[in-house]
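Under my numbering, the residue at position 138 of the sequence shown is numbered 139, and the numbers go up by one with no gaps. All C-beta atoms in this analysis are idealised placements derived from N, C-alpha and C, irrespective of residue type, glycine included. Worksheet: one structure, shown below.
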Amino acid sequence: MTTLRIAWRNCGRNRKRSVLAVGAIALAQATLVFVNGFMAGSYDQMLQTITGPMIGHVQVHHPKWRAERAVDLYIDRLDTVRMQMAALAGVRSVSPRIYAAILAANGEKRDPPAEAQAAMIVGVDSDAESSRGGLLNALPPQTRLQGGTVAVGRILANRLGVRAGDPLALIGQDADGFPASDLFTIGAVIESPVEIVQTSGVVMSLPAAAAFLMMPNRAHEIVIRGSNIENAGELAREVAALPAVSGLEVLSWREAAPEFVRMIDMKDWFDLIFLAIVFVAAAAGIANTAMMSAFERTREFGMLLAIGSQPARVVRMVLIESVLLGLIGVIVGSLAGSGLVLLTAQSGVDYAALAGMEAADITFGGISISYIIYPRLEFRHILFGFIGVTLTSVLASAWPAMLASRLEPAKAMRP
2 MTTLRIAWRN CGRNRKRSVL AVGAIALAQA TLVFVNGFMA GSYDQMLQTI
52 TGPMIGHVQV HHPKWRAERA VDLYIDRLDT VRMQMAALAG VRSVSPRIYA
102 AILAANGEKR DPPAEAQAAM IVGVDSDAES SRGGLLNALP PQTRLQGGTV
152 AVGRILANRL GVRAGDPLAL IGQDADGFPA SDLFTIGAVI ESPVEIVQTS
202 GVVMSLPAAA AFLMMPNRAH EIVIRGSNIE NAGELAREVA ALPAVSGLEV
252 LSWREAAPEF VRMIDMKDWF DLIFLAIVFV AAAAGIANTA MMSAFERTRE
302 FGMLLAIGSQ PARVVRMVLI ESVLLGLIGV IVGSLAGSGL VLLTAQSGVD
352 YAALAGMEAA DITFGGISIS YIIYPRLEFR HILFGFIGVT LTSVLASAWP
402 AMLASRLEPA KAMRP
């Protein structure tokens with residue numbers, strides 16, 4: 002206990018050097034906590050965007066559908082398949098979808114006729130897709146898709162010159178290869194993070210899409226959302242084992258979107274990089290302070306050894322001084338970094354504005370990811386700093402401590 006008190010007093014003997022060491026460590030720790038909090042928020046947002054409206058946690062298709070996207074490559078006996086999936090534990094929603102390339106045009110009579118645009122029918126279960134994370138989550142309840150009502154992506158609506166309430170003419174080919182055409186009413190113009198919906202999507206109810214394309218009790222894709230994304234792999238295996246799913250392709254979100262997985266997995270490397278920054282800052286600050294302290298206090302150490310202090314006590318004193326400086330720096334940095342994370346967690350950080358860009362979001366793999374990030378505080382980043390700085394403090398001050406303990410009292414006390 003006496004050694005600890007002496008070490009604590011010694012930390013204030015050269016306040017300027019101690020403040021510089023503490024400041025360097027605090028800055029590094031604050032950077033670690035905030036940047037990793039920013040990365041955690043970015044990870045959450047990216048994961049929610051990827052697995053929410055477009056991919057879900059598990060996907061089921063005809064084995065050839067992802068490669069060819071042909072309208073006749075569908076999942077048959079949809080009611081049976083869906084019932085078996087919904088009965089699995091941990092399944093939150095089962096959402097079938099129908100896709101088909103079509104031509105869309107303003108349905109009002111004009112002279113000359115309105116120009117048609119390439120578009121994509123997206124037939125969905127309105128109830129399932131209106132829930133949290135669904136494709137129609139942002140659609141007001143009063144504009145839910147019913148009968149001949151459709152929702153059109155904003156960019157497609159601008160190209161067609163249409164708005165809510167206007168008629169929309171669709172022309173395409175049904176699942177049997179025959180021409181299909183009909184007139185629908187635009188119920189809403191929607192904003193979507195899914196690029197294909199935003200630029201060319203005509204979203205309609207599943208029954209309406211099935212009737213238009215002659216696909217009764219069929220779908221091209223089934224999106225399953227579970228209660229916990231961490232169990233997506235296990236859920237995919239359970240789905241694949243269902244009798245009604247035999248012969249179909251079943252993919253977890255990590256298998257369906259490998260490019261996003263690689264991007265998300267980079268977060269762990271960023272964590273290591275910033276942890277290394279803290280180690281380097283701590284090592285530099287502590288080593289400099291311990292070394293200069295050892296040289297300046299040569300006579301003091303010599304006197305302690307001369308009056309009978311054990312070399313081990315001198316070593317402990319130097320090490321404790323270094324650890325105290327390191328811990329003070331980590332505490333200050335953790336408080337500053339945590340405060341900054343909590344301060345920005347509600348309002349968000351506009352990454353585009355910080356980078357000097359004007360874009361509101363970025364498109365990657367067909368999904369728009371917002372530039373506004375909401376940082377999330379992770380206790381493990383603070384803990385990593387405490388553990389790392391403590392170890393670094395001991396290692397960085399070990400050599401100066403050993404030098405001090407090996408001094409010859411007679412030589413060390415000479416002026």
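Specify, as a first and last residue, the run of the alpha helix (DSSP H) that residue i falls within.
{"i": "F213", "result": "L207 to F213"}
{"i": "V20", "result": "R16 to T50"}
{"i": "M84", "result": "L79 to A87"}
{"i": "R155", "result": "R155 to L161"}
{"i": "A68", "result": "W66 to E69"}
{"i": "S233", "result": "For clarity, residue 233 is Ala in the given sequence; the question names Ser instead. First-last of the alpha helix (DSSP H) with A233: A233 to A241."}
{"i": "R255", "result": "W254 to A257"}
Thinking C-beta only, is residue j closer than 8 Å to residue i?
{"i": "E260", "j": "A41", "result": "no"}
{"i": "S127", "j": "S94", "result": "no"}
{"i": "G154", "j": "Q199", "result": "yes"}
{"i": "L320", "j": "S193", "result": "no"}
{"i": "V350", "j": "G386", "result": "no"}
{"i": "G338", "j": "Q85", "result": "no"}
{"i": "L326", "j": "V34", "result": "no"}
{"i": "F185", "j": "L207", "result": "no"}
{"i": "V203", "j": "L146", "result": "no"}
{"i": "A120", "j": "L74", "result": "no"}
{"i": "M215", "j": "A176", "result": "yes"}
{"i": "V333", "j": "T391", "result": "no"}
{"i": "R101", "j": "G178", "result": "Sequence check: residue 101 is Ala here, not Arg. In this structure, G178 does not lie closer than 8 Å to A101 by Cβ."}
{"i": "R83", "j": "P97", "result": "yes"}
For residue i, which option in the options has the closest C-alpha, if you only look at C-alpha atoms?
{"i": "A210", "options": "I332, V262 and S182", "result": "S182"}
{"i": "V36", "options": "L384, A285 and I274", "result": "I274"}
{"i": "V72", "options": "V204, H221 and L136", "result": "H221"}
{"i": "W254", "options": "S394, R238 and D269", "result": "R238"}
{"i": "L21", "options": "L341, I329 and W400", "result": "I329"}
{"i": "V123", "options": "A165, G166, G162 and P54", "result": "P54"}
{"i": "L336", "options": "R377, V125, I383 and V324", "result": "I383"}
{"i": "A346", "options": "I374, G91, L325 and F213", "result": "I374"}
{"i": "A313", "options": "L157, M403 and L89", "result": "M403"}
{"i": "M47", "options": "D167, V195 and A90", "result": "V195"}
{"i": "G188", "options": "L236, T393, A152 and D177", "result": "A152"}
{"i": "N218", "options": "F271, Q311 and I76", "result": "I76"}
{"i": "I278", "options": "T393, P376, L252 and I265", "result": "T393"}
Quick one: grab the DSSP three-state call for residue i.
{"i": "N138", "result": "coil"}
{"i": "S132", "result": "coil"}
{"i": "Q60", "result": "strand"}
{"i": "F185", "result": "strand"}
{"i": "Q199", "result": "helix"}
{"i": "P97", "result": "strand"}
{"i": "P168", "result": "strand"}
{"i": "Q346", "result": "The sequence shown places Ala at residue 346, not Gln. A346: helix per DSSP, three-state reduction."}
{"i": "D266", "result": "helix"}
{"i": "L392", "result": "helix"}
{"i": "V331", "result": "helix"}
{"i": "G173", "result": "strand"}
{"i": "P217", "result": "coil"}
{"i": "A105", "result": "strand"}
Starting from residue i, trace the beta strand (DSSP E) in both directions and tell me its first and last residue.
{"i": "V447", "result": "Because the chain in this structure spans residues 2 to 416, residue 447 falls outside the shown range and cannot be described."}
{"i": "M121", "result": "Q118 to V125"}
{"i": "R226", "result": "E222 to G227"}
Three or more C-beta pairs below 8 Å linking the stretch 246-262 and the stretch 99-107: no
Cβ pair count under 8 Å reaching 3, the stretch 53-68 against the stretch 219-226: yes
At least 3 beta-carbon pairs within less than 8 Å: the stretch 229-236 vs the stretch 62-69: No contact exists between the stretch 229-236 and the stretch 62-69.
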